[in-house]
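Chemist: First the structure, then my questions, so here it is.
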Amino acid sequence: MNTTEFLTQTQELAIFEFDLNDESLNTINNVAKELLEYESSKSYNIQDIFDFRITNILKILETQNETSEIINLLNKDKLCTITKTLFFKEKNKIKALSFPLNQSFSDKQIQGKYQKTLKSIAQIQNLDLEFDEILELVLNHIKNIINYDKSIILFIDGENLVLKASRNILDCLNNEHNIIVSQKSEIFQKLKQNKSTIYQNIQNSLDDNLLKDLDLNIENPHSFLISPLSIGNNIFGVIILIKEQTDFFSNEDLKIMEVFTSSTVNCIKNSELNDLFRMQLSILKENFLEKTKALELIKEQNRKMVEADRLKNEFLANMSHELRTPLNAIIGFSEALKLKIFGGLNEKQDEYVGDIHASGIHLLGMINDLLDISKIEANQMQIFKKEFCVLNAIKEVMNVTSALANKKHIKVNLNVDITQTIINADFQRFQQVMYNLLSNAIKFSPDNEEININLKEEDNTIVFSVEDRGIGISTDHHKKIFDKFHQVDSSYTRKHSSTGLGLTITKELVEMHNGKIWVESELENGATFYFTLPIKG
Amino acid sequence: MDTKHHNGTILIAEDNPTNMKLIKDILEFEGYNIIEAHDGKAALNMIRKCKNDIDLILLDIQLPEINGFEVIKLLKSDDTTKDIPIFVVSAHAMETDIKRALNAGCNNFITKPINLESFVDKINSFFLHAIHK
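Read top to bottom, the protein sequences are chains A and B. Quick note: the first sequence uses the working numbering, first residue 8, plus one each step. Quick note: the second sequence uses the working numbering, first residue 72, plus one each step.
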């Protein structure tokens with residue numbers, strides 16, 4: 008719509024678009040204000056208004072660079088009508104809806120219709136409604152302006168048109184509570200043209216198809232007004248108005264519907280989208296609540312596990328104490344008998360007493376392991392560092408294990424390649440580590456083999472390694488063997504008895520010294536356990 | 072000390088030498104003839120070899136090569152060995168283990184650590200009962 012058209016529209020409703028910029032916005036605001044003032048004063052001269060209108064339009068158009076055209080028109084002595092204009096903003100455009108307010112305007116009825124249209128549009132624009140509310144409002148306003156007998160609003164849903172709102176139509180539905188119009192129908196085809204259409208004298212013509220498409224049972228249908236709902240080229244729905252008996256829609260009605268729909272589509276679409284968003288939001292909220300509940304549950308279970316763990320550790324510590332008490336008797340008395348303090352023993356008795364003592368010591372070792380583990384878990388393990396000679400410490404351990412080694416005819420070699428033999432660490436725990444690794448090596452070594460203990464110096468650390476030629480450890484177990492309770496074979500055929508705690512404690516002790524521990528091994532090919540300790544501690 | 076005189080040959084399947092020594096010594100003192108087996112495979116081999124001579128099997132569960140449960144199963148599935156009585160002697164004392172052993176077909180389940188006196192009683196009364204059959 009250009010200026011000329013705008014100015015020469017005498018009897019019709021017109022829509023005029025401006026691009027939104029600050030200048031035009033300002034001008035329009037001013038125009039609206041002044042217009043309001045003029046219109047509120049009861050007496051005015053047509054000529055005055057005419058001049059005023061032209062001036063102001065000129066002002067607006069100046070910002071659009073179309074002034075030259077206006078002047079030419081004026082010279083042609085064209086009569087510019089007085090218009091009632093509604094300005095409203097739509098996305099990045101300003102729309103001006105105008106219709107003539109000419110005093111010589113004949114059809115007061117049409118004028119009334121136009122006024123109502125503008126008013127309705129203004130109302131709808133200003134409300135924030137839910138989707139079905141706005142559709143109902145639209146139908147009500149249209150009824151007020153155009154008057155119809157029945158109305159339907161359909162929206163495109165996938166491949167069909169689907170009923171979204173209606174008035175006075177529910178009794179006429181063949182398909183319960185719904186109208187579904189397929190793509191192949193004539194309505195759909197007409198819709199694609201994006202033009203409003205009137206169908207008159209329905210019963211008598213081929214337009215019978217309309218009723219079939221809509222699957223409606225109407226007694227005396229007469230006139231249909233079909234108005235597409237679209238934003239730009241995107242057609243998303245249609246409003247269908249129906250008049251019965253001998254009533255029919257006029258071109259005026261068509262024009263009004265065009266203006267009405269084009270002015271309210273954005274509101275309608277927004278409302279639909281808002282509803283969709285609201286629904287999705289509530290689904291998200293539900294999901295979120297579910298997840299929150301699940302999280303709470305997990306947190307609760309976690310709390311329980313932590314508590315159970317704490318109780319377990321307390322129990323372990325307590326039990327290890329309780330178990331030691333009778334163990335004291337077993338180990339003590341058997342040792343006293345072995346020492347023959349209170350008299351001699353025959354061979355069998357001596358043998359048995361030795362067995363009792365050894366079993367007692369074994370049991371004590373396991374209880375100590377359990378206690379160590381519970382200390383580690385409760386973060387109560389402590390190390391007491393002092394300076395000592397590693398060679399002496401290791402030789403002592405070799406001594407203790409010599410009986411074990413000799414039984415299997417295993418030779419243990421100590422290979423030293425360091426200059427600095429004094430280290431700052433926990434003496435007892437160091438020996439515990441060495442004992443664990445050495446006794447493991449002996450346990451898993453076949454008879455008549457050799458075990459090497461190697462010491463090397465690297466930076467400020469000593470690298471210790473215990474090397475055996477036993478059954479070896481497969482690569483996927485290299486990390487797991489240091490896990491609590493882990494045993495390479497925990498089945499009923501386990502050959503080497505163990506609690507699975509030794510390496511776990513060893514690892515913890517090494518790491519408490521800021522050292523590292525690892526294994527290099529292949530199945531069937533022996534194993535070398537390495538650990539490092541800083542010299543200075 | 073004089074050994075007592077009972078008649079019977081017992082096969083003991085036990086991998087821990089101390090445990091083996093304990094039971095063997097006591098039972099030999101009671102006069103029984105003892106055959107030692109140190110793992111499941113050896114136990115099976117020996118039983119199959121001397122099946123007619125073995126009167127009772129004392130079987131540990133925790134055994135290398137083939138475990139005690141498996142041994143019971145294999146013995147029971149062989150007609151020539153299925154009737155040799157088996158006492159399980161094990162430190163595996165969970166109810167599930169006991170049930171499993173009894174379901175597999177063993178005649179008795181003795182948990183370690185053993186009560187020596189009652190253990191000996193059980194063995195003696197078993198043989199007494201067997202003789203009177």
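Every residue, glycine too, gets a C-beta built ideally from N, C-alpha and C.
Thinking just about the alpha-carbon of each residue, which of D490(A), K300(A), N181(A) is nearest to the one in I380(A)?
Modeler: D490(A)
Chemist: Under 6 Å Cβ to Cβ from V419(A), same chain only, skipping five residues before and after it: list those, please.
Modeler: M405, A412, I458
Chemist: For S505(A), return the contacting residues in chain B, with the cut-off set at a CB-CB distance below 7 Å.
Modeler: Those within 7 Å of S505(A) in chain B number zero; the least Cβ separation is about 12 Å.
Chemist: Comparing alpha-carbon positions, which option in T124(A), E464(A), Q438(A) lies nearest N147(A)?
Modeler: It is T124(A) whose Cα lies nearest to the Cα of N147(A).
Chemist: Between E107(B) and chain A, is the shortest Cβ-Cβ distance under 8 Å, so that the two count as touching?
Modeler: no
Chemist: Please list the residues of the stretch 356 to 386 of chain A that have a C-beta atom closer than 7 Å to any C-beta atom in chain B, keeping them in chain order.
Modeler: D362, S366
Chemist: Less than 8 Å separating the beta-carbons of I137(B) and K112(B)?
Modeler: yes
Chemist: Report the partner residues of P235(A) according to the DSSP bridge assignment.
Modeler: According to DSSP, residue pairing for P235(A) in a beta bridge involves V245(A).
Chemist: Look at the alpha carbon of I512(A) and the alpha carbon of K382(A), and state the distance between them as a whole number of angstroms.
Modeler: 10 Å
Chemist: Using CA atoms only, rank isn't needed, just tell me which of N175(A), Q435(A), I425(A) is closest to K392(A).
Modeler: Q435(A)
Chemist: Find the residues of chain A that neighbour I132(B), judging by a C-beta separation of less than 8 Å, and give them in chain order.
Modeler: Y499
Chemist: Whole angstroms are fine: how far does the CA of M312(A) sit from the CA of N167(A)?
Modeler: 56 Å
Chemist: What do you get for I348(A), buried or exposed, if any count of 16 or more other CB atoms within 10 angstroms of its CB means buried?
Modeler: exposed
Chemist: Compare the Cα-Cα distances from I106(B) to each of T89(B), I132(B), G79(B) and report the closest residue.
Modeler: G79(B)
Chemist: Taking Cβ to Cβ, would you say G477(A) is nearer than 8 Å to F451(A)?
Modeler: With contacts defined as CB atoms closer than 8 Å, G477(A) and F451(A) qualify as a contacting pair.
Chemist: Looking only at DSSP bridge pairs, what is A432(A) linked to?
Modeler: Beta-bridge pairing links A432(A) to K393(A).
Chemist: Looking at chain A, is there any beta carbon in it that lies within less than 8 Å of the beta carbon of T89(B)?
Modeler: yes
Chemist: Return the chain-ordered ranges of every alpha helix (DSSP H) run that is complete within the stretch 97 to 158 of chain B and spans a minimum of 4 residues.
Modeler: 111 to 121, 139 to 147
Chemist: Any beta carbon from chain A within less than 8 Å of P135(B)'s own beta carbon?
Modeler: True, the Cβ-Cβ gap to chain A drops below 8 Å.
Chemist: Please report whether the beta-carbon of G102(B) lies at a distance below 8 Å from any beta-carbon of chain A.
Modeler: no
Chemist: Would you mind sorting I233(A) into buried or exposed? The rule is 16 or more other CB atoms within 10 Å of its CB.
Modeler: With 16 or more other Cβ atoms from the protein chains shown falling within 10 Å of its own Cβ, I233(A) counts as buried.
Chemist: Which class does E69(A) belong to by DSSP, given the choice of helix, strand or coil?
Modeler: Caution applies to E69(A), whose pLDDT of 49 falls short of 50 and renders its modelled position unreliable; the value that the coordinates give is listed next. Three-state DSSP puts E69(A) in a helix.
Chemist: Interface residues of chain A around F180(B) at Cβ under 7 Å?
Modeler: None at all; the shortest Cβ gap to chain A is about 15 Å.
Chemist: Output, in chain order, the set of chain A residues within a Cβ distance shorter than 8 Å of N186(B).
Modeler: Residues of chain A passing the Cβ test: none, with the nearest at roughly 16 Å.
Chemist: If we define contact as Cβ-Cβ less than 8 Å, is G139(B) a contact residue for chain A?
Modeler: yes
Chemist: Determine, using beta carbons only, whether S161(B) and K147(B) come nearer to each other than 8 Å.
Modeler: no
Chemist: Taking the straight line between their C-alpha atoms, what separation do you get for M326(A) and N335(A)?
Modeler: In a straight line, the C-alpha of M326(A) is about 14 Å away from that of N335(A).
Chemist: Taking 8 Å as the cut-off, decide whether the C-beta atoms of T539(A) and I469(A) are in contact.
Modeler: yes
Chemist: Grouping DSSP H, G and I as helix and E and B as strand, with all else coil, what is E457(A)?
Modeler: strand
Chemist: Taking the straight line between their C-alpha atoms, what separation do you get for L530(A) and E456(A)?
Modeler: 17 Å
Chemist: Taking just the CA atoms, how far does N294(A) sit from R285(A)?
Modeler: Near 14 Å, if we compare the C-alpha coordinates of N294(A) and R285(A).
Chemist: DSSP on P184(B), reduced to helix/strand/coil?
Modeler: coil
Chemist: With a floor of 3 residues, list each beta strand (DSSP E) that falls wholly inside the stretch 324 to 398 of chain A, ordered by position along the chain.
Modeler: 393 to 396
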